[in-house]
Every structure is written in C-alpha cells, then in structure tokens.
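See structure below.
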Amino acid sequence: MKACMKSCDEWKPFTAVIAIDFVFAIVNLLLKKVLDEGMDHLVLVTFRLSIATIFLAPIGYFWERNSRPKLTLRILCYLFLSAIVGSSLTQYFFLLGIQYTSATFASAFVNVVPMITFIMALPFGLETVNLKCNSGNAKVIGTLVSIAGAATLTLYKGVPLFHSSRTTTQAMVHAVKLRSTKRAERWTIGSIALVVGSLLWSSWFLLQSNIGKRFPCQYSSTAIMSFFGAIQSAILSFCTGRNLSVWILKGNIQIISVLFAGMVGSGLCFVGMSWCVKKRGPVFTAAFSPLVQIMAAMIDIPILHEQLHLGR
Numbered sequence: 001m002k003a004c005m006k007s008c009d010e011w012k013p014f015t016a017v018i019a020i021d022f023v024f025a026i027v028n029l030l031l032k033k034v035l036d037e038g039m040d041h042l043v044l045v046t047f048r049l050s051i052a053t054i055f056l057a058p059i060g061y062f063w064e065r066n067s068r069p070k071l072t073l074r075i076l077c078y079l080f081l082s083a084i085v086g087s088s089l090t091q092y093f094f095l096l097g098i099q100y101t102s103a104t105f106a107s108a109f110v111n112v113v114p115m116i117t118f119i120m121a122l123p124f125g126l127e128t129v130n131l132k133c134n135s136g137n138a139k140v141i142g143t144l145v146s147i148a149g150a151a152t153l154t155l156y157k158g159v160p161l162f163h164s165s166r167t168t169t170q171a172m173v174h175a176v177k178l179r180s181t182k183r184a185e186r187w188t189i190g191s192i193a194l195v196v197g198s199l200l201w202s203s204w205f206l207l208q209s210n211i212g213k214r215f216p217c218q219y220s221s222t223a224i225m226s227f228f229g230a231i232q233s234a235i236l237s238f239c240t241g242r243n244l245s246v247w248i249l250k251g252n253i254q255i256i257s258v259l260f261a262g263m264v265g266s267g268l269c270f271v272g273m274s275w276c277v278k279k280r281g282p283v284f285t286a287a288f289s290p291l292v293q294i295m296a297a298m299i300d301i302p303i304l305h306e307q308l309h310l311g312r
C-alpha cells in the first residue's frame, strides 16, 4: 500500500505539468483571438493578473494561514522581481509575439525554454552535466537540438503542411492581409518578442526555485506575485499613454478569455508550476513546455483553421 502511495506521489508532478501545458495551449488560442480583435496587450495582462490576485488571495489566506512563514522585506523583493520576469513583462512579450505571429508559432518558440533554463541553472548548481554518462550526453544533444529548432523557426519559412481547400482559401486571404501590414517586419518583431519572453520565462523558473525554499506557500506567493504584476502592467500601460477606452471589455469572448486566463492560466497554473518546481526542480518543470505547441496545434488547426508550415 505504501509503495502504491509513493508511486502515485511520484507521478503527481508529471500529471500536473501536462495539465498545466494543456491549459496554456487553450489560453494561447483564446488570447490570440482577443488580440486579433484589437484588445490592448498591457490591458489584457493587467486584467489577467488582477483576476488571478482576486481569485487566489482568499484561498491563500485561509488555506495557508497556519503554515505561512513571516513575510519579510527580502521575500517581498523576490516576489516583486518574480512578478517582473514571470508575469508582467513576460506575458507582455509573449502576447506581442502571439499577435504578430500565431498561437502555434508562439507555443513552438517556448520549446527553447527548457534549453535556456538548463543553461542558466548550471552556474547556480541547480543542474549538473556529466558527459561520461548517457544522461549528460542527452542533455547536451537536447540543448543543441533546441537551438537548431529555434533558429529554424525564426529564419526559415517552409511549405504548408496541410492542403485542404478551406485552409488554403483562408491562408490566401490571410496572406493578403499580412502583406498589407508588412508581414515580414511583423514576424521579425514577433520573433524578437518571443526570444525576450523566453529568456524572462526561463529566469522565472530559477527564481521560483529560490522563492519556494524561503516562502513555501504557493497560493500566497502566486497571489502576491500577481498583485505586483498587475500594478506593474497598469503603470506601464498608463505611462505609454493608452486611451481609457481600451480598458472596456467588448463582447463575451473577451470577458470569457480574461476570466479563464486570469483564474486558471495565471492563477491555478502558476500555483501548480510553483509546486512542481518545489517538488522536482526548475529544469524538470520547464522541460514539458514543448507539449504546449503540440496541444495548441491540435486545437488550432482543426478548429480555428490556422495553417501550419515547416519552419515559421
């Protein structure tokens, strides 16, 4: 019985991180939809993080009130920095990349996150490489493959992988629209934004590993991080001179997308990732990021009829 319980506990991080990636795939598709409708990036991030804060704050307060350690200034500084690299700026750059490219492409670019996290973790002793064993060689080969894949996605535009009449017609219409808005420049900007977002996202996994040791309360830490991130995004939005009309949600799809992305995408998923980092480490949690691309494509192509190319 104990062996069975132990086996179940070992599989919990795997199950959790796969479920998280599935939710992220859905969130990417929803956000791509509302961004195409003209919703502002920073407004979307602010709403998303504000909803996550409101959703998680009471759960963290009551659920962890007996186990929560003292909230020191040092921990608050860590959480403030975590909000920058994991919430406000990261989400802004990823949303910019999604709008200028596609949900599937943005999800595919997240494939470099495990590689970046692995490289960043080496100097801090959070990950080791032994070239004399198979696991060490596999890590090096996987890193090189990730770099090659990222370069292919950014630089090479291949042929469409699917050729249905409907997707072909839509692709032609979409191509005309993209040419009129300087498609090449948009893809370049989107790719750069995704690179920056991936670097920040990888940094968050390492920072979260440190926070988890000092403040092991996932609900409370995620609520505080979301609160800081919402303030940062709102200040950045007002500083860039946005019109107040952009803060009005238009239509049910925007309301549903913001609520789902806030409560589940930025709320429960960040709690789950923090727990996975605490249990299995930052590299393990980041290693499952490529699943987002597969899951996004499974939804994106048959339902939203997006075209998938070899390369970008």
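Per full-length UniProt numbering, residue 1 is the first one in the sequence shown, and the count goes up by one each step. Virtual Cβ for every residue (Gly too), placed ideally from N, Cα, C. Being a predicted model, the structure only gives us computed values, none of them experimental.
DSSP state of lysine 70 mapped onto helix, strand, coil: As a first step, residue 70 is located in the sequence shown; it is residue number 70 there, counting from the start. Coil.
First through last residue of the alpha helix (DSSP H) which encompasses proline 58: The sequence position of residue 58 within the sequence shown is 58, counting from 1. 41 to 63 is the span of the alpha helix (DSSP H), which, as asked, contains proline 58.
Distance, valine 292 Cα to valine 112 Cα: The residue you call residue 112 lines up with position 112 of the sequence shown. The residue you call residue 292 lines up with position 292 of the sequence shown. Roughly 12 Å separates the two Cα atoms.
Neighbour flag for glutamine 254 against chain B, beta carbons, 7 Å: You won't find chain B in this structure, because it holds only one protein chain.
Cβ distance (whole Å) where glycine 38 is taken to contact glycine 97 below 8 Å: Residue numbering aside, residue 38 sits at position 38 when the sequence shown is read from its first letter. Residue numbering aside, residue 97 sits at position 97 when the sequence shown is read from its first letter. Not confirmed; about 17 Å, so no contact.
Euclidean distance between Cα positions of phenylalanine 118 and arginine 65: Residue numbering aside, residue 118 sits at position 118 when the sequence shown is read from its first letter. Residue numbering aside, residue 65 sits at position 65 when the sequence shown is read from its first letter. Cα to Cα, phenylalanine 118 sits roughly 34 Å from arginine 65.
Per-residue burial, cysteine 269 [other beta carbons within 10 Å of its own, 16 or more giving buried]: Taking the first residue of the sequence shown as 1, we reach residue 269 at position 269. By the neighbour-count rule (16 or more Cβ atoms within 10 Å), cysteine 269 is buried.
Counted within 10 angstroms of its Cβ, other Cβ atoms place methionine 298 as buried (16 or more) or exposed: As a working note, residue 298 is residue 298 in the sequence shown. Exposed: under 16 other Cβ atoms inside 10 Å.
For arginine 214, the three-state DSSP class (helix, strand or coil): By 1-based counting over the sequence shown, the position of residue 214 is 214. Residue state, collapsed to three classes: helix.
Closest by C-alpha distance to tryptophan 63, when choosing among Val23, Pro216 and Phe227: Residue 63 sits at position 63 when you count from the first residue of the sequence shown. When only C-alpha atoms are compared, the closest one is Pro216.
Secondary structure of glycine 251, DSSP reduced to three states: Within the sequence shown, numbered from 1, the residue matching residue 251 stands at position 251. Coil, per DSSP.
Residue range of the unbroken alpha helix (DSSP H) whose run includes serine 274: Here residue 274 refers to the residue found at position 274 of the sequence shown. Taken as a continuous stretch (DSSP letters only), the alpha helix (DSSP H) holding serine 274 covers 269 to 280.
Neighbour-count burial assignment, leucine 49, 16 or more Cβ in a 10 Å radius: To locate residue 49, count along the sequence shown from 1; it is residue 49. Buried, since its Cβ has 16 or more Cβ neighbours within 10 Å.
Distance, glutamine 208 Cα to glycine 251 Cα: Translated into positions along the sequence shown, residue 251 becomes position 251. Translated into positions along the sequence shown, residue 208 becomes position 208. Those two C-alpha atoms are separated by around 36 Å.
Distance, isoleucine 224 Cα to leucine 249 Cα: Walking along the sequence shown from the start, residue 249 turns up at place 249. Walking along the sequence shown from the start, residue 224 turns up at place 224. Straight-line Cα distance between these residues: approximately 25 Å.
Span of the alpha helix (DSSP H), counted from its first residue to its last, around methionine 263: The residue given as residue 263 occupies position 263 in the sequence shown. From DSSP, methionine 263 is part of no alpha helix (DSSP H); its letter is neither H nor E.
When Ser203, Asn243 and Phe22 are compared against valine 85, the one with the closest alpha-carbon: In the sequence shown, residue 85 corresponds to position 85, counting from 1. Closest option to valine 85, Cα to Cα, is Ser203.
Buried or exposed by the 16-neighbour rule on C-beta atoms within 10 Å, applied to tyrosine 100: Start at 1 with the first residue of the sequence shown, and residue 100 comes out as number 100. So tyrosine 100 counts as buried.
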